[in-house]
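A short worksheet on the structure shown next.
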Amino acid sequence: MNLKKYFIRALHRLQKGPGYTYKELLVWYCDNTNTHGPKRIIKEGPKKKLIWFFLTLLFASLVFWQWGILINTYLSYNVTSSLSIGFKTMKFPAVTVCNANPFKYSEVKHLLKELDRLIEAALERILQPTPGNSSENASPPLDLGLWHQIPLVLIDEHDKDNPIILDIFESNQADGDNQAAGGNQTAAGNQTAGGNQMAAGNETAAGNETAAGNETACSHPGSDNCTYRNFTSAAQAVTEWYILQSTSILAKVPLQERIRMGYQAEDMILACLYGAEPCNYKNFTQIYHPDHGNCYIFNWGMDEEALNSSNPGAEFGLKLILDISQQDYIPYLSSAAGARLMLHQQKSFPFLKDQGIYAMAGTETSIGVLVDELERMGYPYSDCTMNGSDVPVKNLYSQYNTSYSIQACLRSCFQNHMVEICGCGHYMFPLPEGVNYCNNEDNPGWAYCYSSLRSSIRHRQICIDSCKETCNDTQYKMTISMADWPSEASEDWIFHILSYERDMSTNVTLDRNGIIKLNIYFQEYNYRTISESAATTIVWLLSSLGGQFGFWMGGSVLCLIEFGEIIIDSLWITVINVISWCKGLKQKRVQARYPDAPPTVSELVEAHTNLGFQHEDAGALPGDEALPPEPGTPPPNYDSLRVQPLDVLSPDSDVE
Amino acid sequence: GATAPGKKITARLKRTLPVRGPQAPTLSELMRWYCLNTNTHGCRRIVVSRGRLRRFIWILLTLSAVGLILWQCAELLMNYYSASVSVTVQFQKLPFPAVTICNINPYKYSSMKDYLSELDKETKKALETFYGFSEGKSKVRRSVDERNSTGSDFFKQIPLLKFEDFSKTVIDLRSGQKRKIEGSVFHKDSSIVNSGDSNDIIGFQLCDANNSSECALYTFSSGVNAIQEWYKLHYMNIMAQIPLETKEKLSYSADDLLLTCFFDGLSCDKRHFTRFHHPLHGNCYTFNSGENGTILSTSTGGSEYGLQVVLFIDEADYNPFLVTSTGAKIIVHDQNEYPFIEDIGTEIETAAATSIGMHFTRSRKLSKPYSDCTETGADIPVENLYNKSYSLQICLHSCFQKAMVDSCGCAQYAQPLPAGAEYCNYKKNPNWMYCYYRLHEKFVKEQLGCQQICKDACSFKEWALTTSIAQWPSTVSEDWMLRVLSWDKGQKINKKLNKTDLANLMVFYKDLNERFISENPANTLVILLSNFGGQLGLWMSCSVVCVIEIVEVFFIDSLSIVMRRQWQKAKKWWNDRKRDRSGKPPQAGDLERQGHDNPVCIDEDLPTFNTALRLPLPQDNPLPRTPPPNYSTLRLETAFTEQLPDTLEVGQH
């Protein structure tokens with residue numbers, strides 16, 4: 005009972021609307037709303053009313069249109085960038101130094117001996133085609149098994165339709181019609197002819213050329229599934245071939261052995277000075293890099309705090325003296341000599357092939373550093389990843405404890421494909437668990453598989469699509485300058501001291517071809533940070549929405565609430581109408597006792613001017629004659645639906 | 005009878021007219037009406053406030069709010085054309101840029117000797133005269149005896165001169181005679197005016213051929229500069245007379261320059277290169293020029309996936325006077341850009357591997373009205389002489405060339421030819437050098453107006469290069485490398501190559517991140533309007549509706565009131581005049597029917613539901629007839645009870 009009473013009261017309170025017909029309601033709304041347009045519709049004369057009506061409609065539609073644009077703008081998540089430049093105390097970048105040559109030749113000679121002899125003999129045949137000059141063949145027989153895996157061939161394309169393929173060694177079974185001894189002869193002869201033709205300069209532009217070097221890779225020895233990798237230059241062909249072969253050989257060597265064969269820190273890093281503090285090779289973290297053997301990273305920040313640098317200039321930077329001992333280079337593996345170095349962030353893996361620079365032997369290389377940072381906002385503003393956890397590629401470089409980078413992702417992606425397709429991992433990239441590196445014995449077809457995978461655009465695209473760049477992109481902009489070092493006057497004593505310190509010998513064990521000085525320091529402006537901020541925030545959106553609404557109609561959120569209220573009221577009116585209609589129908593059916601006429605204008609005026617619609621304080625005036633009727637009086641017939649009696653029912657009257 | 009239809013028409017017009025005249029009969033009433041009924045906030049308080057001070061404060065506040073609105077809105081309007089910068093980084097497959105490679109020496113010296121022997125002889129003679137040393141050890145022997153007198157008179161015309169001191173006495177190279185010269189002195193090296201050891205000063209004189217008294221003297225602090233500049237002057241003169249086909253033959257062929265080529269893990273050859281003849285650098289070769297419609301792209305960063313070439317620099321065949329350094333020059337540019345190799349090329353050392361890591365940045369500026377840049381260059385009044393897309397450099401060069409053709413009558417050798425012009429040479433345009441130097445000086449001093457006409461391009465691509473050098477070939481690989489490369493070169497060179505004749509070049513993307521820096525309009529119309537709305541709303545709770553109100557009240561209504569008053573005055577004056585003439589008594593009704601009593605002011609419509617419902621209008625309170633009650637004026641009821649008869653009155657009309 006109590007509940008019902010409460011419910012009825014709540015219903016009544018809700019029902020207390022500003023009018024009992026739609027028209028009343030609308031008029032009341034227009035008159036009392038805080039938006040500017042509707043008031044004018046009511047206030048003006050009939051002609052102006054029309055104008056105002058259309059103006060209000062126009063403004064309302066404008067508001068909605070512009071709101072649409074604003075919300076669209078907000079949802080496009082634009083960003084604005086701010087740039088700051090200056091000097092501040094910053095973490096000194098991690099500096100990775102490597103030798104361009106991965107292993108000491110003296111250490112790996114026993115592994116590569118066969119290969120070297122093979123390539124020497126092959127070069128001999130290519131360069132000196134006269135058959136009489138085969139005295140070197142008297143030396144121990146060549147390991148042609150290695151050769152047959154991936155033979156080097158000469159392709160003569162003078163006759164475009166049927167190019168002649170010549171194996172450099174006699175033991176060529178693939179082309180039966182080419183006699184072995186004569187084959188070499190022919191190769192040379194054609195080469196000569198080609199040369200002449202080129203010299204004459206009357207060759208037709210396309211196709212009529214000599215593919216000088218070539219390598220063949222077959223999926224299985226003896227199978228027909230072969231590809232030729234064409235090179236126009238023999239130097240390129242020999243280098244690529246050698247890398248492929250040595251990769252296969254070195255892949256079998258365990259990691260510890262490979263580290264031992266590389267350059268040791270104490271041999272390579274002769275002197276080190278950071279700011280005013282001396283440092284030595286022990287401050288460097290060793291890392292094995294498949295391209296460059298042992299690399300040493302200064303200030304990697306893995307175990308200890310990263311060093312800060314708070315002063316610009318070479319005096320406060322890192323000064324290194326390196327020895328790359330060029331005499332011990334593997335002759336066919338790397339033709340460029342120098343140190344490879346790279347500046348990178350702490351705890352990131354150095355990808356020297358991508359970002360590394362060379363330092364030349366016999367020079368002093370000064371590198372001024374500007375840290376170029378780009379700080380981006382993640383999803384949904386830009387499609388980048390904060391730490392790589394949302395990238396669907398397994399990061400193989402996480403075994404180094406390094407952070408995610410796009411290079412790591414691409415390489416991991418490639419290695420994963422390689423493992424998937426070829427069944428073994430490539431030597432240049434880290435291994436997933438339970439997989440071995442490819443080598444010729446265990447995976448005879450790997451070179452074919454690798455080269456087809458490498459040239460596959462589709463696989464590259466898959467990797468590009470699945471990897472995401474990091475949100476914080478830091479680059480080290482380097483200003484590189486070089487000078488000869490040591491000078492001729494100082495050469496002597498510098499070599500003496502450095503040799504003594506390294507080898508405890510009084511003889512000079514160093515020379516100009518191996519020694520490198522490096523200065524790495526912050527420039528006067530050491531950072532340039534571009535940081536993103538959202539161009540459109542929710543505050544911006546709200547103020548813009550408010551601005552638009554205010555500009556066209558002078559409205560606010562409260563106006564929207566008013567409007568909502570009116571809609572609720574109109575719903576109520578509908579409900580009431582329906583109820584009354586139903587009642588009326590019932591009553592009509594029972595007896596047409598109250599044949600009510602529709603309300604006249606004056607009645608409506610009365611309804612409007614009724615105290616129930618006036619302000620509260622107006623009703624509360626003392627000594628007012630127009631007090632509401634006594635609570636006991638039954639409501640008049642027509643007014644039963646009106647606010648007034650219901651209002652009287654409000655809490656203070658406990659009659660019922 | 006005749007006036008009746010006219011009246012009918014006016015009545016009808018009045019009925020159908022949308023506007024029924026002002027809201028109030030007089031201006032002050034109108035203002036009052038406005039203040040009470042307006043949607044803006046301040047105005048109402050002026051009228052409603054009691055007390056003079058309070059009212060005054062509200063007037064002040066309202067006015068300052070209006071002032072603030074105007075100020076802020078003006079500020080908003082002024083800042084409308086501002087741009088915000090956004091930087092996006094996209095990781096993607098990147099198009100590889102065009103890489104143009106030139107030998108520093110433009111033409112093979114051995115094949116040029118027919119053209120240059122005379123000049124060389126002259127240069128050597130100058131060296132001998134001034135510095136007293138005999139012929140330098142030139143690597144390629146030239147026939148000294150060959151006396152070709154075609155150009156000698158020309159050399160006489162512009163000889164090298166040695167200055168005794170600043171008394172303008174010079175020693176002529178040819179005759180050895182001292183003579184006085186006149187003319188203004190130009191120093192090519194700016195800060196040399198320490199005339200202590202002026203004996204060392206060497207220079208040359210350029211005279212106007214038509215008017216020999218007008219001469220310009222160019223002096224140099226160092227003989228090296230003087231001789232090079234002088235040589236270049238004559239060299240350009242000679243080269244201008246040689247047709248392009250011959251010049252292309254005299255320069256290096258692709259086979260000469262390129263030994264090996266490797267791109268993206270695959271071998272490439274000279275077919276991937278496009279020849280491009282540069283007037284100062286001879287034949288240059290552009291890799292990936294996009295000429296056959298395809299532009300190569302890289303999908304992997306790193307040195308092994310970029311372009312790797314070994315260049316053959318034939319050091320022995322260098323011109324000893326024209327170029328004094330050895331190596332190659334490369335420039336990384338967009339396929340549509342013209343390679344200004346002499347301006348922004350990177351030099352490549354021989355016997356070294358130069359590794360160039362690229363980082364790609366694309367920038368885009370907003371054109372007018374945000375900044376003064378040009379999208380296509382079509383709006384620049386300078387004809388683009390280059391067959392490439394617009395850039396500031398192209399514009400400046402074209403502008404200079406145009407000025408050159410206009411004032412000297414021939415075109416400068418280093419830049420492309422405009423239509424109908426030809427390159428300057430001494431035989432046809434004996435005056436051109438003087439003219440050129442004068443013009444060039446003007447150009448540098450920005451007197452030609454080129455710098456003002458030319459605008460920068462709105463979008464540009466930039467490849468930031470990180471260059472580093474390693475020794476190549478390494479000492480242990482030198483032997484086999486040189487042998488194999490010699491074999492690659494073929495039979496043309498029988499000897500083994502020297503490593504100082506070779507340069508290894510690697511150009512690659514460091515990463516595939518493309519940085520795109522773009523300017524975006526900071527404001528759109530929508531945002532501007534919202535900001536207006538915000539300002540209007542903040543200070544006065546105003547909107548466009550208020551603006552319309554203001555227009556309505558302050559312009560239309562006020563104007564109509566003023567007009568009406570004027571009209572009535574005029575009418576009165578007219579009536580008075582007429583009455584004065586006729587002596588009729590004045591008609592009282594004419595004048596008094598104003599304001600609410602004026603039928604024009606009042607709606608003639610029947611009282612509808614809405615008019616009946618119209619809430620009491622407060623402005624009706626201070627009707628002159630009834631003095632306002634003391635306190636209750638502000639009450640609604642009182643207003644209402646008073647109002648009712650009034651409404652009825654209106655209804656009676």
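Protein sequence lines, in the order shown, are assigned to chains F and C. For what it's worth, this note's numbering labels the leading residue of the first sequence as 5, then goes sequentially. For what it's worth, this note's numbering labels the leading residue of the second sequence as 5, then goes sequentially. Positions of the beta carbon are idealized from the N, C-alpha and C atoms, including for glycine.
Item: Leu98(C) and Glu553(C) closer than 8 Å at C-beta; Value: no
Item: Any C-beta of chain F under 8 Å from that of Trp467(C); Value: no
Item: Cut-off 6 Å between Cβ atoms - residues of its own chain near Lys369(C), not counting five sequence neighbours on either side; Value: Ser375, Cys377, Cys462, Glu523
Item: Trp62(C) vs Ile50(C) beta-carbon contact at 8 Å; Value: yes
Item: Opening and closing residue of the alpha helix (DSSP H) in which Glu377(F) lies; Value: It is not in any alpha helix (DSSP H) - Glu377(F) instead sits in the beta strand (DSSP E) that spans 367-379.
Item: Rounded C-alpha distance that separates Gly279(F) from Gly321(F); Value: 5 Å
Item: Whole-Å CB distance - Ile328(F) paired with Ala343(F), under 8 Å assumed; Value: 6 Å
Item: Endpoints, beta strand (DSSP E) assigned at Pro525(C); Value: 506-525
Item: Inter-residue spacing [alpha-carbon to alpha-carbon] between Phe235(F) and Ser293(C); Value: 22 Å
Item: Helix, strand or coil at Gly10(C) according to DSSP, with G and I counted as helix; Value: helix
Item: Ile75(F) - containing alpha helix (DSSP H), residue span; Value: 50-79
Item: Ile12(F) versus Asn6(F) - alpha carbon distance; Value: 10 Å
Item: Residue-level contact to chain C via CB, Gln177(F), 8 Å cutoff; Value: Only weak support exists for where Gln177(F) lies, its pLDDT of 38 falling under 50; the value from the coordinates is given anyway. Answer no: the Cβ-Cβ gap between Gln177(F) and chain C never drops below 8 Å.
Item: Cutoff 8 Å: Ile12(F) Cβ touching any chain C Cβ; Value: no
Item: Integer-rounded CB distance, given that Lys465(C) should sit under 8 Å from His363(C); Value: Wrong, their Cβ atoms sit about 12 Å apart, outside the cutoff.
Item: Three-state class that DSSP yields for Ile301(F) in the structure shown; Value: strand
Item: Where Trp489(F) sits in the DSSP three-state scheme; Value: coil
Item: Sufficient close CB pairs (3 or more, under 8 Å) joining the stretch 276-292 of chain C to the stretch 250-261 of chain C; Value: yes
Item: CB of Ala238(F) within 8 Å of CB of Ile130(F), strictly; Value: yes
Item: Per-residue burial, His401(C) [other beta carbons within 10 Å of its own, 16 or more giving buried]; Value: buried
Item: Chain C contacts from the stretch 547-558 of chain F (Cβ-Cβ distance under 8 Å); Value: Ser547, Ser548, Leu549, Gly550, Gly551, Gln552, Phe553, Gly554, Phe555, Trp556, Met557, Gly558
Item: Three or more C-beta pairs below 8 Å linking the stretch 544-555 of chain F and the stretch 87-94 of chain F; Value: no
Item: Cutoff 8 Å: Lys357(F) Cβ touching any chain C Cβ; Value: yes
Item: Identity of the residue in Asn517(F), Gln465(F), Ser352(F) nearest Ala340(F) by Cα; Value: Asn517(F)
Item: Helix, strand or coil at Ser139(F) [DSSP, three-state]; Value: Caution applies to Ser139(F), whose pLDDT of 42 falls short of 50 and renders its modelled position unreliable; the model cannot decide the point.
Item: Meets three-Cβ-pair contact criterion under 8 Å: the stretch 92-100 of chain F and the stretch 586-596 of chain F; Value: no
Item: Test item: CB-CB of Thr474(F) and Tyr529(F) under 8 Å; Value: no
Item: Closer than 8 Å at the beta carbon, the chain F residues around Ala407(C); Value: Under the 8 Å cutoff, chain F gives no residues; its nearest Cβ is about 37 Å from Ala407(C).
Item: The alpha helix (DSSP H) enclosing Trp578(C), as first and last residue numbers; Value: 562-586
Item: Sufficient close CB pairs (3 or more, under 8 Å) joining the stretch 83-102 of chain C to the stretch 221-239 of chain C; Value: no
Item: Closest residue to Leu261(C) among Ser564(C), Tyr394(C), Thr104(C) (Cα-Cα distance); Value: Thr104(C)
Item: Burial state of Gly72(F), where buried means 16 or more other Cβ atoms lie within 10 Å; Value: exposed
Item: Lys27(F) - containing beta strand (DSSP E), residue span; Value: First-last for Lys27(F): 26-36, but that is the alpha helix (DSSP H), not the beta strand (DSSP E).
Item: Alpha-carbon to alpha-carbon, Thr289(F) and Leu347(F); Value: 14 Å
Item: DSSP-derived helix/strand/coil call for Gly453(C); Value: coil
Item: Members of the stretch 446-474 of chain C that neighbour chain F once the beta carbon cut-off is set at 9 Å; Value: Ala468, Thr470, Thr471, Ser472, Ile473, Ala474
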